[in-house]
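Colleague:
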Amino acid sequence: MKTNLEIIQEFYETFNPDIIDPEVDWKLADGFPADGHYHGRKAVLEEWFPKLVAQFDDWKGVPDRLLDADDAVVGLGHYQGRSKVTGKTFKVPFAHVWFMKDGRIIKLNHNVNTLMLHRAISPD
Numbered sequence: 028m029k030t031n032l033e034i035i036q037e038f039y040e041t042f043n044p045d046i047i048d049p050e051v052d053w054k055l056a057d058g059f060p061a062d063g064h065y066h067g068r069k070a071v072l073e074e075w076f077p078k079l080v081a082q083f084d085d086w087k088g089v090p091d092r093l094l095d096a097d098d099a100v101v102g103l104g105h106y107q108g109r110s111k112v113t114g115k116t117f118k119v120p121f122a123h124v125w126f127m128k129d130g131r132i133i134k135l136n137h138n139v140n141t142l143m144l145h146r147a148i149s150p151d
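Here the sequence shown is numbered in my numbering, starting from 28 and rising by one per residue.
#1: Please work out which residues of its chain come closer than 7 angstroms, Cβ to Cβ, to leucine 72, disregarding the five sequence neighbours upstream and downstream, and give them in chain order.
#2: If you measure between the beta carbons of aspartate 48 and histidine 66, is that distance less than 8 angstroms?
#3: Using 10 angstroms around the beta-carbon of leucine 144, count the other beta-carbons present and answer buried if the total reaches 16, otherwise exposed.
#4: Around the Cβ of serine 149, are there at least 16 other Cβ atoms within 10 angstroms (buried) or fewer (exposed)?
#5: Please state whether DSSP places methionine 143 in a helix, a strand or coil.
#6: Relative to the C-alpha of aspartate 98, which candidate in Lys54, Val139, Asp129 and Ala56 has its C-alpha closest?
#7: Going by alpha carbons, who is nearest to leucine 94 out of Ala122, Lys118, Phe76 and Asp84?
#8: For proline 120, list the residues DSSP reports as bridge partners.
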């Protein structure tokens with residue numbers, strides 16, 4: 028059986044929807060593109076993610092370090108991509124706290140430097 032850390036590593040690499048619990052609690056940082064509080068895998072996949080990727084080309088969340096915390100995994104890394112509006116590229120740090128149960132993500136706490144991201148994607 029995979030560890031929580033291995034499952035989250037796989038999630039960053041594949042965005043496999045089966046890793047997300049059907050009743051997930053997905054909380055994004057205020058000011059993040061498509062921010063909000065999403066409840067359930069369907070809301071994450073059909074509401075949040077399409078709104079997010081519609082704004083960017085080559086959007087990626089890249090974990091630089093993963094920390095095992097029993098029933099949670101902390102992901103420290105960065106987002107990178109290019110704004111479709113401005114054409115500007117960016118690399119912005121994040122901290123994710125993934126709460127796990129039975130091999131699935133049941134909750135996400137999302138922290139990101141939204142000011143840095145907005146500066147990177149806003150027109151001059």
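We put the beta carbon where it would ideally sit given N, CA and C, even for glycine.
Modeller: This is what the structure holds:
#1: These residues qualify, in order along the chain: Pro44.
#2: no
#3: buried
#4: Exposed, by the Cβ-count rule.
#5: helix
#6: Asp129
#7: Ala122
#8: Its beta-bridge partners are His105.
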